[in-house]
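Input: a single structure, listed below in structure tokens.
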Amino acid sequence: MGLRRAPPRPHLRNLLISSAGDNMVRSIKSAKKIKRKNKGSKKGESSSVPSAPAKVWQPGVDALEEGEELQFDPSAYNHLRGFSIGWPCLSFDIVHDSLGLVRTEFPHTVYGVGGTQVWDISSHLNDLAESVSSSTVGGDNIHRLSPLVKFGGHKDEGYAIDWSPTVPGRLVSGDCNSFIHLWEPSETWNVDATPFAGHTASVEDLQWSPTEPDVFASCSVDGTLAIWDTRLGKSPALSVKAHNTDVNVISWNRLASCMIASGADDGTFSIRDLRLIKGDSLVAHFEYHKQPITSIEWCPHEASTLAVSSADNQLTIWDLSLERDEEEETEFKAKLKEQASAPQDLPPQLLFVHQGQKDPKELHWHTQIPGMIMSTAIEGFNVLMPANIENVLPPADA
6 MGLRRAPPRP HLRNLLISSA GDNMVRSIKS AKKIKRKNKG SKKGESSSVP SAPAKVWQPG
66 VDALEEGEEL QFDPSAYNHL RGFSIGWPCL SFDIVHDSLG LVRTEFPHTV YGVGGTQVWD
126 ISSHLNDLAE SVSSSTVGGD NIHRLSPLVK FGGHKDEGYA IDWSPTVPGR LVSGDCNSFI
186 HLWEPSETWN VDATPFAGHT ASVEDLQWSP TEPDVFASCS VDGTLAIWDT RLGKSPALSV
246 KAHNTDVNVI SWNRLASCMI ASGADDGTFS IRDLRLIKGD SLVAHFEYHK QPITSIEWCP
306 HEASTLAVSS ADNQLTIWDL SLERDEEEET EFKAKLKEQA SAPQDLPPQL LFVHQGQKDP
366 KELHWHTQIP GMIMSTAIEG FNVLMPANIE NVLPPADA
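The sequence shown begins at 6 in the numbering used here and counts up one residue at a time.
Pasting the structure below:
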């Protein structure tokens, strides 16, 4: 599916490589790679040049040759939509709604909340007040609202923050000075003035355990992944050197709570089994991406599946349960002779490659719509449902 040099569809088991294009609001550009030959042929004449064999086109590896272009094949997706809100959103979240817990039938409705850049609006407050008051009836104007609580314990800016999934209102926040603070809910919040300390550089991401209310994980520019237990003091309970460069993002598997994924600045991402954290806990390590990993998240409906975005402008989906079966591949190629041969160095766990967004920053699976992913990049959002990702839940006894 997707990127190709000749009409036959490239296929590696269930691998689909596709591109959404640059401006999806007006049109979706193509992702098929076609080589134009013998342009001078007259109408009705057949070309004597044999067509080139189909070949999987690898983003970041293969270059477009003269006379070649990428075309989009919509059959790679069950659904694909792009939109922009005017400014880039560095971070967003999908809002839980009351439309149904497991929705598989179209049309779908998605709610989200996001944040964008901030600038000094002090000289424009009067204009903003007039604009808001003229366009709303009643309610609070946003610039009049005050924070519920302020905390000045962080001495530097920070990027890491996470709400507990098991204790409503419990929060951890990390800063560029390597410190982490715990926020406990009360009438507002009580923030522990003494930080958790164990990293030697900026804390980049935080994740609460999906099952243990007092346990959370952190990753850092120092290359480590740390596990903390709030009952055991302010030092990490466990710490492991996860990558040789900055660790940018982590994701704790909510269906298999022993598994945690991490993505690094060198484009690699790893999976670790926390039951083996004191020994060789590394379950898988991938070097597919060529630029820093910007987001990573386990699928909420399939324990072995996760999605990854990178500064190489790719969003990839992986299934760790897959292994290469040469006999099966040979049988498949014999049945579909026009299918493209996949490069041998492509990991068999790679299910889908989505392109078309520039500088992607964050992705999230929709917890109520199986198979749906939403991602944000410099030019806007994409909402996608790949055709080879199950959009129904597996049976309970599977």
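Note that beta-carbon positions come from the ideal geometry of N, C-alpha and C, so glycine has one too.
Keep in mind it's a predicted model, so treat the numbers as computed, not measured.
(message) Can you tell me whether Glu331 is helix, strand or coil according to DSSP?
(response) Along the sequence shown, read from residue 1 onward, the residue named residue 331 stands at position 326. Helix at Glu331.
(request) Grab me the residues of Thr273's own chain with a C-beta within less than 7 Å of its C-beta, minus the 5 sequence neighbours each way, in chain order. (result) Here residue 273 corresponds to residue number 268 of the sequence shown, with the count starting at 1. In its chain, beyond the 5 residues on either side, His248, His290, Phe291 and Glu292 have a beta carbon closer than 7 Å to the beta carbon of Thr273.
(request) Can you grab the Cα-Cα spacing for the pair Asn28 / Phe386, in whole Å? (result) Within the sequence shown, residue 28 is the residue found at index 23, counting from 1. Within the sequence shown, residue 386 is the residue found at index 381, counting from 1. Reliability of the predicted coordinates at Asn28 is poor, the pLDDT of 33 falling under 50, and the value obtained from them is presented with this limitation in mind. Each residue's alpha carbon lies about 11 Å from the other.
(message) For the structure I just gave you, are there three or more beta carbon pairs, one from the segment 365-374 and one from the segment 99-116, closer than 8 Å?
(response) Result yes; three or more Cβ-Cβ pairs closer than 8 Å.
(message) Count Cβ pairs between the segment 222-236 and the segment 201-209 that sit closer than 8 Å; are there 3 or more?
(response) Inter-segment contact for the segment 222-236 and the segment 201-209 is present: three or more beta-carbon pairs are separated by less than 8 Å.
(request) On the DSSP bridge assignment, give the partners of Ser244 in chain order. (result) Mapped onto the sequence shown, residue 244 falls at position 239. In the DSSP assignment, Ser244 forms a beta bridge with Ala231.
(request) Could you pull out every unbroken beta strand (DSSP E) segment of at least 3 residues lying fully inside the segment 170-231, listed in chain order? (result) Those beta strand (DSSP E) runs which fall completely within the segment 170-231 and span 3+ residues are 176-179, 184-190, 194-196, 208-213 and 220-225.
(request) Round the Cβ separation of Ile383 and Leu356 to the nearest angstrom and send it over; I've been treating them as touching at under 8 Å. (result) By 1-based counting over the sequence shown, the position of residue 383 is 378. By 1-based counting over the sequence shown, the position of residue 356 is 351. Going by Cβ atoms, the distance from Ile383 to Leu356 rounds to 25 Å, so no, they are not a contact pair.
(message) Please state whether the Cβ-Cβ distance between Gly203 and Ala165 is less than 8 Å.
(response) Position 198 of the sequence shown holds residue 203. Position 160 of the sequence shown holds residue 165. No, Cβ-Cβ distance for Gly203 and Ala165 is not below 8 Å.
(message) Contact defined as beta carbons within less than 8 Å: I believe Ile301 pairs with Val358. What is the distance between those atoms, to the nearest angstrom?
(response) Residue mapping note: residue 301 aligns to position 296 of the sequence shown, counting from 1. Residue mapping note: residue 358 aligns to position 353 of the sequence shown, counting from 1. At roughly 15 Å, the Cβ-Cβ gap does not stay under 8 Å, so Ile301 and Val358 are not in contact.
(request) Please classify Pro375: is it buried, with 16 or more other beta-carbons within 10 angstroms of its beta-carbon, or exposed? (result) As a first step, residue 375 must be located in the sequence shown, where it is residue number 370. It is buried - the Cβ of Pro375 has at least 16 other Cβ atoms within 10 Å.
(message) Comparing C-alpha positions only, which one of Val154, Asp270 and Ser275 sits nearest to Asn258?
(response) One-based indexing of the sequence shown puts residue 258 at position 253. Closest in C-alpha terms to Asn258, from the list Val154, Asp270 and Ser275, comes Ser275.
(request) Tell me whether Leu106 sits in a helix, a strand or coil according to DSSP, three-state version. (result) Walking along the sequence shown from the start, residue 106 turns up at place 101. DSSP places Leu106 in the coil class of the three-state scheme, outside both helix and strand.
(request) Give the secondary structure of Ser80 by DSSP, where H, G and I count as helix, E and B as strand, and everything else as coil. (result) What you label residue 80 is simply residue 75 of the sequence shown in a count that begins at 1. Looking at Ser80 - three-state DSSP - the assignment turns out to be helix.
(message) Taking its Cβ as the centre, do 16 or more other Cβ atoms sit within 10 Å of Asn195, making it buried, or is it exposed?
(response) For the purposes of this step, residue 195 is identified with residue 190 of the sequence shown, where counting begins at 1. By the neighbour-count rule (16 or more Cβ atoms within 10 Å), Asn195 is not buried but exposed.
(message) Taking contact to mean 3 or more Cβ pairs, one atom from each stretch, closer than 8 Å, check whether the segment 89-104 and the segment 64-74 are in contact.
(response) The segment 89-104 is not in contact with the segment 64-74.
(message) Whole angstroms are fine: how far does the CA of Thr121 sit from the CA of Asp317?
(response) Residue 317 sits at position 312 when you count from the first residue of the sequence shown. Residue 121 sits at position 116 when you count from the first residue of the sequence shown. Spanning the two alpha carbons is a distance of roughly 22 Å.
(message) Give me, in chain order, the residues of the same chain whose beta-carbon lies closer than 6 Å to that of Trp303; leave out the 5 immediate sequence neighbours on both sides.
(response) Start at 1 with the first residue of the sequence shown, and residue 303 comes out as number 298. Excluding positions up to five away in sequence, the list reads Ser256, Asn258 and Leu311.
(message) Quick check: what's the CA-CA separation for Val107 versus Thr199?
(response) Residue 107 sits at position 102 when you count from the first residue of the sequence shown. Residue 199 sits at position 194 when you count from the first residue of the sequence shown. Rounded to the nearest whole angstrom, the C-alpha separation of Val107 and Thr199 is 42 Å.
(message) Quick check on DSSP: helix, strand or coil for Arg259?
(response) Taking the first residue of the sequence shown as 1, we reach residue 259 at position 254. Arg259 falls in the coil class under three-state DSSP.
(request) For Gly119, write down the residues that DSSP places opposite it in a beta bridge. (result) Within the sequence shown, the letter at position 114 stands for residue 119. Answer is Phe97, bridged to Gly119.
(request) Can you have a look at Phe184 and say buried or exposed, based on whether 16 or more other CB atoms are within 10 angstroms of its CB? (result) Here residue 184 refers to the residue found at position 179 when the sequence shown is read from its first residue. In summary, Phe184 is buried, with 16 or more beta-carbon neighbours lying within 10 Å of its beta-carbon over all protein chains present.
(request) Kindly give me the distance between the Cβ atoms of Ala308 and Leu260, rounded to whole angstroms, as I take these residues to be in contact under 8 Å. (result) To locate residue 308, count along the sequence shown from 1; it is residue 303. To locate residue 260, count along the sequence shown from 1; it is residue 255. At roughly 4 Å, the Cβ-Cβ gap stays under 8 Å, so Ala308 and Leu260 are in contact.
(request) Could you give the DSSP three-state label for Leu356: helix, strand or coil? (result) Here the question's residue 356 lines up with position 351 in the sequence shown. Strand.
(request) Give every residue of the same chain whose Cβ lies closer than 7 Å to the Cβ of Met390, excluding the five residues on either side of it in the sequence, and list them in chain order. (result) Position 385 of the sequence shown, counted from the first residue, corresponds to residue 390. Within the same chain, Met390 has close Cβ partners Tyr82, Asn83, His84, Gly376, Met377 and Asn396.
(message) On the CB-based measure, 16 or more other CB atoms within 10 Å of its CB, does Phe201 come out buried or exposed?
(response) Numbered from 1 along the sequence shown, position 196 holds the residue referred to as residue 201. By the neighbour-count definition (other C-beta atoms within 10 Å, threshold 16), Phe201 is a buried residue.
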